[in-house]
Structure formats: C-alpha cells, structure tokens
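For the protein sequence lines, the chains are A and B, in the order given.
For what it's worth, numbering that gives the first Met the number 0 labels the leading residue of the first sequence as 0, then goes sequentially.
For what it's worth, numbering that gives the first Met the number 0 labels the leading residue of the second sequence as 0, then goes sequentially.
Backbone N, C-alpha and C define an ideal beta-carbon position, used for all residues, glycine too.
See below for the structure under consideration.
Number of protein chains: 2
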Amino acid sequence: MEHFERDLAAFKRKLLLMAGHAENSVARAVQALVERNSQRAAQVEEEDAVLDRLEIEIDEMGIQLLAKAPLASNLRLITAGMKISHDLERIGDEATTIARRVLDLNQNLPASSFHEIPQIAEIAIGMLRESLDAFVNRNSSKARQIIPRDKQVDALNKQVQRELAQSIAENPESLTRSLNLMTISKALERVADHATNIAEDVVYLDEALDIRHSGKLAG
Amino acid sequence: MEHFERDLAAFKRKLLLMAGHAENSVARAVQALVERNSQRAAQVEEEDAVLDRLEIEIDEMGIQLLAKAPLASNLRLITAGMKISHDLERIGDEATTIARRVLDLNQNLPASSFHEIPQIAEIAIGMLRESLDAFVNRNSSKARQIIPRDKQVDALNKQVQRELAQSIAENPESLTRSLNLMTISKALERVADHATNIAEDVVYLDEALDIRHSGKLAG
Numbered sequence: 000m001e002h003f004e005r006d007l008a009a010f011k012r013k014l015l016l017m018a019g020h021a022e023n024s025v026a027r028a029v030q031a032l033v034e035r036n037s038q039r040a041a042q043v044e045e046e047d048a049v050l051d052r053l054e055i056e057i058d059e060m061g062i063q064l065l066a067k068a069p070l071a072s073n074l075r076l077i078t079a080g081m082k083i084s085h086d087l088e089r090i091g092d093e094a095t096t097i098a099r100r101v102l103d104l105n106q107n108l109p110a111s112s113f114h115e116i117p118q119i120a121e122i123a124i125g126m127l128r129e130s131l132d133a134f135v136n137r138n139s140s141k142a143r144q145i146i147p148r149d150k151q152v153d154a155l156n157k158q159v160q161r162e163l164a165q166s167i168a169e170n171p172e173s174l175t176r177s178l179n180l181m182t183i184s185k186a187l188e189r190v191a192d193h194a195t196n197i198a199e200d201v202v203y204l205d206e207a208l209d210i211r212h213s214g215k216l217a218g
Numbered sequence: 000m001e002h003f004e005r006d007l008a009a010f011k012r013k014l015l016l017m018a019g020h021a022e023n024s025v026a027r028a029v030q031a032l033v034e035r036n037s038q039r040a041a042q043v044e045e046e047d048a049v050l051d052r053l054e055i056e057i058d059e060m061g062i063q064l065l066a067k068a069p070l071a072s073n074l075r076l077i078t079a080g081m082k083i084s085h086d087l088e089r090i091g092d093e094a095t096t097i098a099r100r101v102l103d104l105n106q107n108l109p110a111s112s113f114h115e116i117p118q119i120a121e122i123a124i125g126m127l128r129e130s131l132d133a134f135v136n137r138n139s140s141k142a143r144q145i146i147p148r149d150k151q152v153d154a155l156n157k158q159v160q161r162e163l164a165q166s167i168a169e170n171p172e173s174l175t176r177s178l179n180l181m182t183i184s185k186a187l188e189r190v191a192d193h194a195t196n197i198a199e200d201v202v203y204l205d206e207a208l209d210i211r212h213s214g215k216l217a218g
C-alpha cells in the first residue's frame with residue numbers, strides 16, 4: 000500500500016514535469032514569433048521528442064499502477080492522468096506547428112502588428128497552467144471556471160482569421176504571411192481546447208467520485 | 000471471470016459501434032462536399048453529440064472493467080480502447096469542421112474541381128477502417144503497414160494548401176472558398192493523424208505484450 004502511494008506520487012510528479020514542458024513549448028513558440036527568434040523556434044521542434052517520450056513513460060507507469068490500484072477512485076485518477084498526458088503531447092505538437100510557421104515568417108521582413116495572437120497565447124497558456132493546478136489540487140470548482148474561457152479564445156481566433164482574410168483580400172502580397180499567422184492562431188485555439196479537455200477531466204474526476212461517494216453509482 | 004470476459008466483449012462492441020459512427024461522419028462530410036448536400040452536412044453536426052456520448056460511456060465501461068481486470072494484458076487492452084475512443088471523438092470533431100465549411104461553401108456557386116480532397120478522404124477513411132480492423136484482430140503487422148500512409152496524406156495536403164494559396168494569389172475572389180477548402184483538407188489530414196495514432200496503439204499493444212511475454216519487462 001505504501002509502495003503504491005509512492006508510485007502514484009511519482010506518476011503525478013512525472014505528469015507535472017510533462018505539463019511544465021508543454022507549457023514552456025507553447026510559451027517559447029510564441030516568444031519566437033514575437034521576438035522573431037528562429038533559434039528559439041528550432042528549440043521547440045527539438046524538444047517535442049521529450050514530450051513524446053514522456054507520454055510513453057506515463058502510459059507505462061499508468062499501466063503498472065492500474066495493475067496494483069486498490070480503489071476505484073485511484074483507477075479514475077490514473078486514467079485521467081493518462082488522458083491528460085495525451086493532451087499535453089498534442090499541445091507539444093501545436094507548439095511545433097507554431098514554431099515551424101515562425102521559422103517561415105522569419106525569412107521575410109518584419110511583419111506588421113498582430114497583437115491579438117499574443118493575447119490568445121496568454122489566455123491559452125493561462126488556461127493550461129490553471130487546469131493543471133486544478134488537477135493537482137483536485138479543485139473542480141477552479142476547473143469549472145476555466146471552461147468558459149475557451150469561448151473567448153474561439154471568438155478571438157475567429158476575429159484574427161477574419162482580419163487576416165481581409166488583409167489578404169486587400170493586399171495579396173501578404174498571402175504567405177497571413178496564412179502562417181492564421182495557422183498560428185488556430186494552433187493556439189487548439190491549445191485552449193486541450194486545456195479545456197484537461198479542465199473537463201478534472202470536473203469529471205471530481206463529480207464521478209462525488210456520485211460514487213453518495214452511492215448513486217452502486218451496482 | 001466469465002462475467003469479466005462478457006463485459007470486455009461488450010466494451011469492444013461499443014468501441015466498434017463508435018468507430019462506425021466516426022467513419023460514417025467523415026464519409027458523410029466529404030459526400031456533402033462533393034454532392035453540395037447541405038442537409039447531409041447538417042446531419043454530421045447533429046451526430047457529433049452521439050460520438051461525445053459514446054466516448055463518455057466507453058470511459059465509464061473502461062473504468063469499471065479496470066477495477067476487475069485480472070491480467071496486465073487486459074489492462075493494456077482496456078486503456079488502449081479508451082485512448083482509441085478519444086481519437087474517434089476527435090475524428091468526429093474534424094468531420095464537424097468539414098461539415099461547417101461545406102455549409103459555407105454551398106452558399107455560393109458551384110466550386111471548381113478539387114479532386115485531391117476526395118482522394119485524401121479516401122486514404123484517410125481507409126486508414127481509419129484498417130486501423131480499427133487491426134485493433135479488433137490484434138494484427139500489429141497490418142497496423143504497421145498503415146503508418147507510412149500518413150506521410151502520403153501529409154504530402155497531398157501540402158500540395159492542396161499550395162495550390163489553393165496559388166489560386167488565391169491569382170484570383171483574390173476565390174479567397175473564402177479557398178480558405179474553406181484549405182481547412183477541409185487540413186481536417187482530413189488530421190483524421191489520418193488520428194488513424195495513425197490508433198495504428199500505433201495497436202503496434203504498441205502487441206509489442207508490449209510480446210516483450211512482457213518474453214519476460215523482458217519483469218520486475
């Protein structure tokens with residue numbers, strides 16, 4: 000039993016390590032965009048392999064833990080952890096998408112302003128950080144507060160898509176640049192989707208336990 | 000034990016039901032595009048809720064099964080099933096994206112040809128169907144054959160993106176139409192990504208079992 004608790008703590012630690020990497024990747028990709036820093040963008044691409052490896056390791060630990068889990072609540076926690084790790088891996092993929100577009104953008108002259116993109120990034124990264132906090136602290140009311148922000152990100156992304164389409168229409172030379180920025184904005188919108196998935200997992204985890212505790216799920 | 004086997008069989012059946020829905024959604028969304036059938040596109044959007052519900056049900060069944068799983072190989076199978084159901088749910092989201100773009104496209108005059116998109120759809124849907132077959136039949140060599148096709152889809156999608164960007168540059172009036180087709184092509188490329196995830200899960204499932212059987216994973 001003590002052995003199990005220790006392994007479960009190690010599982011959570013590894014998940015947090017992965018979460019830190021995922022968050023850094025997104026933050027770095029956006030930094031690379033804002034600062035036109037191609038080296039930083041290349042770094043994001045390289046680090047994606049770390050997230051891929053961590054996902055496999057977390058899956059392995061999860062399977063080992065499941066074989067020894069004594070309580071239904073632990074089963075739920077472990078499978079939620081495995082799902083979250085999958086979302087974090089996908090966030091890494093989105094960061095890589097952003098980084099590649101930044102590398103392409105940086106081959107040209109300084110781009111005009113696109114202040115909504117850092118704004119979307121800030122909300123998306125905040126949602127990611129808080130959803131992980133909510134998971135760690137098993138705080139479903141905090142997780143619930145994160146979910147509606149996804150709509151805000153969707154709206155901002157739509158606005159960016161519209162503005163960039165407008166800019167292509169008015170200035171066809173901006174085509175490649177605008178398409179790259181569209182992809183970056185969309186990738187950030189997907190980061191927010193994944194953060195929402197994580198927040199929903201936390202709510203579900205908590206509610207299912209509540210229901211189970213209240214005996215409604217008996218049988 | 001017999002009870003467990005029966006429940007495991009029901010879990011697999013539900014997963015196959017979900018897989019059928021996901022495959023139909025993508026096929027219908029593409030059909031709606033090719034036939035300019037808005038009613039069909041609207042149907043895809045409505046049916047997405049079915050996939051969302053099935054994912055939750057499969058998760059629930061998975062958790063219940065995990066609590067009773069007697070063998071490590073079963074734990075692996077169940078967690079792989081839960082991961083696959085997550086990928087299927089995302090495929091439904093991509094189908095919905097396609098359907099929404101089709102609805103937008105259909106508000107305008109007939110579009111010119113874009114024969115690569117049905118071609119991408121055919122490969123992606125084939126990958127999805129075969130990866131599920133490989134899962135059901137536990138056929139990892141078949142699953143392995145699916146994975147390289149993802150590169151083919153990536154290349155076709157890149158070609159479509161390039162051609163459509165070209166068409167915007169040459170004919171700015173095609174902007175909205177081209178952006179919609181770009182999104183559709185990208186969504187199909189993501190369907191192929193999810194099918195690849197499923198194929199990789201099948202390979203992993205099989206290999207981990209092989210390793211375990213050969214005693215390398217002892218300890």
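If we ignore side chains and look at the alpha-carbon of each, how far apart do residue 213 (chain B) and residue 10 (chain A) end up?
-> Walking along the second sequence from the start, residue 213 (chain B) turns up at place 214. Walking along the first sequence from the start, residue 10 (chain A) turns up at place 11. At residue 213 (chain B), the pLDDT of 43 sits below 50, so the modelled position is not reliable; the number obtained from the coordinates is stated separately. The straight-line gap from Cα to Cα measures roughly 26 Å.
Can you name the residues of chain A whose CB is closer than 8 Å to the CB of residue 85 (chain B)?
-> For the purposes of this step, residue 85 (chain B) is identified with residue 86 of the second sequence, where counting begins at 1. For the C-beta of residue 85 (chain B), the chain A residues within less than 8 Å are, from N- to C-terminus, 82 and 85.
Best match in B:201, B:181 and B:20 for proximity to residue 43 (chain B) [C-alpha to C-alpha] = Residue mapping note: residue 43 (chain B) aligns to position 44 of the second sequence, counting from 1. By alpha-carbon distance to residue 43 (chain B), the top candidate from B:201, B:181 and B:20 is B:20.
Euclidean distance between Cα positions of residue 134 (chain A) and residue 198 (chain A) = Locating residue 134 (chain A) in the first sequence gives position 135, where the first residue counts as 1. Locating residue 198 (chain A) in the first sequence gives position 199, where the first residue counts as 1. Straight-line Cα distance between these residues: approximately 8 Å.
Does residue 61 (chain A) come within less than 9 Å of chain B when only Cβ atoms are used?
-> Walking along the first sequence from the start, residue 61 (chain A) turns up at place 62. With 9 Å as the cut-off, residue 61 (chain A) counts as an interface residue toward chain B.
Is the Cβ of residue 71 (chain A) closer than 9 Å to any Cβ of chain B?
-> For the purposes of this step, residue 71 (chain A) is taken as the residue at position 72 of the first sequence. Closer than 9 Å to some Cβ of chain B, the Cβ of residue 71 (chain A) qualifies, so yes.
Using the rule of at least 16 other Cβ atoms within 10 Å of the residue's Cβ for burial, across every protein chain shown, is residue 58 (chain B) buried or exposed?
-> Indexing the second sequence from 1 puts residue 58 (chain B) at position 59. Residue 58 (chain B) is buried by the Cβ-count criterion.
In chain order, which alpha helix (DSSP H) runs of at least 4 residues are fully inside the stretch 148–183 of chain B?
-> Runs found: 148–169.
Determine whether the Cβ of residue 154 (chain A) lies closer than 9 Å to any Cβ atom of chain B.
-> Within the first sequence, residue 154 (chain A) is the residue found at index 155, counting from 1. For residue 154 (chain A), the nearest beta carbon of chain B is not closer than 9 Å to its own beta carbon.
Give the single residue among B:190, B:17 and B:41 whose Cα lies nearest to the Cα of residue 123 (chain B).
-> In the second sequence, residue 123 (chain B) corresponds to position 124, counting from 1. Nearest Cα to residue 123 (chain B) within the set B:190, B:17 and B:41: B:190.
What residue ranges within the stretch 101–142 of chain A form continuous alpha helix (DSSP H) runs of no fewer than 4 residues, ordered along the chain?
-> Scanning the stretch 101–142 of chain A from its first residue to its last, the whole alpha helix (DSSP H) runs of 4-plus residues come out as 115–135.
Coil, strand or helix - residue 39 (chain A) by DSSP = The residue you call residue 39 (chain A) lines up with position 40 of the first sequence. In the structure shown, residue 39 (chain A) adopts helical secondary structure according to DSSP, grouped into three states.
Run through DSSP, which three-state label would residue 71 (chain A) get?
-> Taking the first residue of the first sequence as position 1, residue 71 (chain A) is located at position 72. Residue state, collapsed to three classes: helix.
Any idea what DSSP makes of residue 14 (chain A), helix, strand or coil?
-> Position 15 of the first sequence, counted from the first residue, corresponds to residue 14 (chain A). Residue 14 (chain A): helix per DSSP, three-state reduction.
Counted within 10 angstroms of its Cβ, other Cβ atoms place residue 142 (chain B) as buried (16 or more) or exposed = Within the second sequence, numbered from 1, the residue matching residue 142 (chain B) stands at position 143. With 16 or more Cβ atoms within 10 Å of its Cβ, residue 142 (chain B) is classed as buried.
Taking only beta-carbon positions, decide if residue 195 (chain A) is within less than 9 Å of chain B.
-> Within the first sequence, numbered from 1, the residue matching residue 195 (chain A) stands at position 196. So no, residue 195 (chain A) is outside the interface.
Are the Cβ atoms of residue 204 (chain A) and residue 137 (chain A) separated by less than 9 Å?
-> On the first sequence, residue 204 (chain A) is found 205 positions in, with the first residue counted as 1. On the first sequence, residue 137 (chain A) is found 138 positions in, with the first residue counted as 1. Contact flag set, yes.
Residue 167 (chain A) versus chain B: which residues are under 8 Å apart at the beta carbon?
-> Sequence index remark: in the first sequence, residue 167 (chain A) carries index 168 (1-based). In chain order: 167, 171 and 174.
Neighbouring residues, chain A, relative to residue 75 (chain B) (Cβ below 8 Å) | If you number the second sequence from 1, residue 75 (chain B) lands on position 76. Within chain A, the residues 62 have their CB atoms less than 8 Å from the CB of residue 75 (chain B), given in chain order.
Straight-line gap, residue 201 (chain A) to residue 2 (chain A) (C-alpha atoms, nearest Å) | What you label residue 201 (chain A) is simply residue 202 of the first sequence in a count that begins at 1. What you label residue 2 (chain A) is simply residue 3 of the first sequence in a count that begins at 1. Approximately 25 Å between the Cα atoms of the pair.
Does DSSP put residue 206 (chain B) in a helix, in a strand, or in coil?
-> Taking the first residue of the second sequence as 1, we reach residue 206 (chain B) at position 207. Here DSSP, grouped into helix, strand and coil, assigns residue 206 (chain B) to helix.
Three-state class that DSSP yields for residue 216 (chain A) in the structure shown = Numbered from its first residue, the first sequence carries residue 216 (chain A) at position 217. Confidence in residue 216 (chain A) is poor, its pLDDT being 36 and thus under 50, which makes the residue's placement unreliable; the coordinate value appears in the next sentence. Of the three classes helix, strand and coil, the one that applies to residue 216 (chain A) here is coil, per DSSP.
Taking 9 Å as the CB-CB cut-off, is residue 95 (chain B) touching chain A?
-> As a first step, residue 95 (chain B) must be located in the second sequence, where it is residue number 96. It does not: the Cβ of residue 95 (chain B) has no partner Cβ on chain A nearer than 9 Å.
Does any C-beta atom of chain A lie closer than 9 Å to the C-beta of residue 118 (chain B)?
-> For the purposes of this step, residue 118 (chain B) is identified with residue 119 of the second sequence, where counting begins at 1. No - not a single Cβ of chain A is within 9 Å of the one on residue 118 (chain B).
Pull up the CB-CB distance for residue 40 (chain B) and residue 28 (chain B), whole angstroms please, since I reckon it's below 8 Å.
-> Numbered from its first residue, the second sequence carries residue 40 (chain B) at position 41. Numbered from its first residue, the second sequence carries residue 28 (chain B) at position 29. Between residue 28 (chain B) and residue 40 (chain B) the Cβ distance is about 7 Å, and since that is below 8 Å, they are a contact.
Are there three or more Cβ pairs, one per stretch, closer than 8 Å when the stretch 168–185 of chain B is compared with the stretch 161–172 of chain A?
-> Yes, they touch.
Classification of residue 177 (chain B) by the beta-carbon crowding that lies within 10 angstroms, buried from 16 upward = Here residue 177 (chain B) refers to the residue found at position 178 of the second sequence. Residue 177 (chain B) should be labelled buried.
Give a yes or no on whether 9 Å exceeds the smallest Cβ distance from residue 181 (chain A) to chain B.
-> Mapped onto the first sequence, residue 181 (chain A) falls at position 182. True, the Cβ-Cβ gap to chain B drops below 9 Å.
Count the other C-beta atoms from every protein chain shown that fall within 10 angstroms of the C-beta of residue 154 (chain B), then say buried if there are 16 or more, exposed otherwise.
-> Position 155 of the second sequence, counted from the start, is the residue given in the question as residue 154 (chain B). The residue in question, residue 154 (chain B), is exposed, as its Cβ has fewer than 16 Cβ neighbours within 10 Å.
Would DSSP call residue 77 (chain A) helix, strand or coil?
-> Translated into the one-based positions of the first sequence, residue 77 (chain A) becomes position 78. Here DSSP, grouped into helix, strand and coil, assigns residue 77 (chain A) to helix.
Taking one C-beta from the stretch 57–74 of chain B and one from the stretch 75–93 of chain A each time, how about it: are there three or more such pairs within less than 8 Å?
-> Because the criterion of three Cβ pairs below 8 Å is met, the stretch 57–74 of chain B and the stretch 75–93 of chain A touch.
Any beta-carbon of chain A closer than 9 Å to the one on residue 160 (chain B)?
-> Here residue 160 (chain B) refers to the residue found at position 161 of the second sequence. The beta-carbon of residue 160 (chain B) is placed less than 9 Å from the nearest beta-carbon of chain A.
Residues that residue 187 (chain A) contacts on chain B, provided the C-beta gap is smaller than 9 Å | Taking the first residue of the first sequence as position 1, residue 187 (chain A) is located at position 188. Close to residue 187 (chain A), with beta-carbon spacing below 9 Å, lies no residue of chain B; the smallest spacing is near 15 Å.
Nearest candidate by alpha-carbon position, reference residue 188 (chain B), set B:99, B:160 and B:140 | Start at 1 with the first residue of the second sequence, and residue 188 (chain B) comes out as number 189. When B:99, B:160 and B:140 are compared, the shortest CA-CA separation from residue 188 (chain B) is found for B:160.
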